[in-house]
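In what follows, a single structure is set out as structure tokens and then discussed.
In our numbering, the protein residues as written are 2 to 159.
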């Protein structure tokens, strides 16, 4: 058994992404504004100060872009006081420069908030999102999704 077999079965995206956490055709002037807007949206659901969330997300982004390439980014951070992972999936109206590794602008963003305590569960959440968004069929379907439900069902898989 490979190490990845365990990771694949350990975390279901449904555990931290709800249909309400999917927003389509988001408008933002730049990466920082987008991350602040998504942080504020997440803050309403997790009852954490939006300034705390955006500060942690932006601090993580300064360490290196979370743009994976192919128009996808997974900004993420550990948030003090958070008890379980929480995600927001956003499809942008207009792709933004994210300083992604391939230099391509980003139009699919999965904001992932992780509990402050370290643990493999958090890494499994990040791995599950990355694995799903790296599938060319997932990204293509998300870009064409007619509504939030279609995008949600595409992201959480069968």
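By construction, the Cβ of each residue, glycine as well, lies at the ideal position given by its N, Cα and C atoms. This one's a predicted model, so the numbers in the text were calculated from it and none came from an experiment.
DSSP, read as helix, strand or coil, puts residue 72 in coil. Residue range 87 to 97 is occupied by the beta strand (DSSP E) that includes residue 89.
If you draw a straight line from the Cα of residue 15 to the Cα of residue 158, it is about 9 Å long. Burial is judged here by how many other beta carbons sit within 10 angstroms of a residue's own beta carbon; residue 63 has fewer than 16 and is exposed. One thing to note: residue 23 has its Cβ no nearer than 8 Å to the Cβ of residue 140. Comparing alpha-carbon positions, the option among 130, 137, 74, 84 lying closest to residue 109 turns out to be 74.
By the Cβ-count criterion, residue 102 is exposed, with fewer than 16 other Cβ atoms from all chains shown falling within 10 Å of its own Cβ.
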